[in-house]
Amino acid sequence: MGFQAIAMGSISLQTILFFLIILAVLQPVLSTPASAGVDICTWSDGVPILYHQYGSDACPPKFQLKPNSGDCEDNVLPLGILDSYWSCASFCQMRTTFIYGQEQPYVRVPMCRGGVTCTLSESVHQGYSWKAKMNGNFKYGPLTIGITGGYSEKAGVSQSYKFSKHLDEGQCGYWTFIPFIRSSCGTYTEGWKDVYQMPCETLTSTGNACVDQLVGVDSNDGIHDWRTVRGTVVFVFVDCTNLAPLPDEKQDPAYSQPGVKLPRDVNNKLAQAYQSLWQQSSKAPLVAQSDAAVCNTDQQHQANATNCLDAMMDVLDRGAEFVSTTGDESISTIGAGVTVGVSRILSRCVCLSNLLDACVINLQ
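When the letters of the sequence shown are read in order and numbered with mature numbering (1 follows the signal peptide of the UniProt record, and there is no 0), they come out as residues -31 to -1, 1 to 333.
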């Protein structure tokens, strides 16, 4: 008994010593200071936790507040690290938070109804419109320099995803893209100076200055002239009769976060357009409930639903720009920034027939 106790005690001591050695080795890694180049907010050193506020220790700022002052430090290089002498503005980043943005349902994948497998393929990307969101009138340049990872007001397109969802009878729903939003807050300082005066004069600082942006990502998706953005894809279950989303307990947790759901009020034209699209797609004789579906309303001139929905997405992205519903037989230069020829091909797609009137309306 005594020997057994001594043996157990020695094993415990060895175990303790082992863990102490491991901790000694890991301690420099676990406590690596921000100065060592670790920056979680760039996504290059790891994936940040959503809805967690990161400070300057995790996301090292480019600028600091001046000692004994509430102003962000000046642009002090000879010609400045901004665009010119006239910039005279800087942003001191203090906290960063990543959250989910508002959903954007996949236009190229019709709403799916029970008894089938609803598929989203890697070739399908969802465009995401974006407008600058900030709580003040801030210059673009200082934000670009001062925010970890830079700043961009560009829209974007989703990464490649491949998912399948088998629906039982009586189940309905759709695939939607939910982008990640990076919210950066700090102090924005702006002043004035001429070519012969340094530093800046007449400084004005705004505390708790916050800006939101999509989180871009370098990718090899082969999407030309588009900015690929980070996000997640979820399947949203809806009532098969009125297309209203089912309660949160039946949804993916990401969809239930504040601000994610597409507003469904009667004044939201984008939501109305999606509901019309889903209602029509459920009535059309589609070959399959996937992005490869075909509108078979005219057997002599079959129109691929993917092309039709690409055109509609182009309309959604460019809002009130006029789109012709007559003319040649082709949909041309989709996404090239010029007028899209939405001709009789678009008219032949039952899944979009009720949306023709919306083609000249700013749905955003």
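Built from N, CA and C at the ideal position, the CB exists for glycine as well.
So for isoleucine 300, helix, strand or coil by DSSP?
Only weak support exists for where isoleucine 300 lies, its pLDDT of 37 falling under 50; the value from the coordinates is given anyway. Correct three-state label for isoleucine 300: coil.
Ends of the beta strand (DSSP E) at leucine 112?
Not the beta strand (DSSP E): leucine 112 falls in the alpha helix (DSSP H), residues 109 to 115.
State the DSSP-derived secondary structure class of serine 129, mapped to helix, strand or coil.
coil
What do you get for glutamate 91, buried or exposed, if any count of 16 or more other CB atoms within 10 angstroms of its CB means buried?
exposed
Quick one: using the 10 Å Cβ neighbour count with 16 as the cut-off for buried, is alanine 262 buried or exposed?
Only weak support exists for where alanine 262 lies, its pLDDT of 37 falling under 50; the coordinates are left without a value.
Within 10 Å of its beta-carbon, does threonine 158 have 16 or more other beta-carbons around it, so buried, or fewer, so exposed?
buried
Backbone CA spacing between valine 207 and threonine 86 [nearest angstrom]:
16 Å
Of the residues Ser152, Leu183, His135, which one's Cα is nearest the Cα of phenylalanine 204?
His135
Using the C-alpha atoms, what's the distance from arginine 64 back to leucine 34?
14 Å
So, with DSSP's three-state summary, where would you put tyrosine 23?
strand
Return the residue from the list Gln128, Pro30, Leu212 that minimises the CA-CA distance to valine 184.
Gln128
Which first and last residues belong to the beta strand (DSSP E) in which phenylalanine 32 is found?
Element bounds for phenylalanine 32: n/a, residue is neither H nor E.
Can you name the start and end residues of the beta strand (DSSP E) that glutamine 182 belongs to?
170 to 183
Using 8 Å for Cβ pairs, my map puts cysteine 154 next to alanine 178. What's the rounded Cβ distance?
7 Å
Can you tell me which of the three DSSP states glutamate 159 falls into?
strand
My output table needs one value for residue 382: the three-state DSSP class, helix, strand or coil.
Residue 382 is absent from the model: the chain starts at -31 and stops at 333.
Leucine 246 versus alanine 240: straight-line alpha-carbon distance, rounded
10 Å
Below 8 Å CB to CB, which residues in the same chain sit around tryptophan 161 once its five sequence neighbours on both sides are set aside?
Cys57, Cys169, Glu170, Thr171
Could you check which residue in Glu42, Gly176, Phe146, Gly39 has the C-alpha nearest to that of valine 229?
Phe146
Anticipated Cβ contact below 8 Å, glutamate 138 with glycine 83, distance rounded
4 Å
Can you tell me whether isoleucine 114 is buried or exposed, with buried defined as 16 or more other CB within 10 angstroms of its CB?
buried
Helix, strand or coil for isoleucine 68, going by three-state DSSP, please let me know.
strand
Please say whether isoleucine 150 and tyrosine 69 have beta carbons closer to each other than 8 Å?
yes
Straight-line Cα distance separating tyrosine 97 from proline 214
21 Å
In three-state DSSP terms, what is tyrosine 224?
helix
So, helix, strand or coil for cysteine 10, using DSSP?
helix
Could you compute how far the alpha carbon of glycine 176 sits from the alpha carbon of asparagine 104?
11 Å
Going by DSSP, what residues sit across from methionine 63 in a beta bridge?
Bridge partners of methionine 63: none, in fact.
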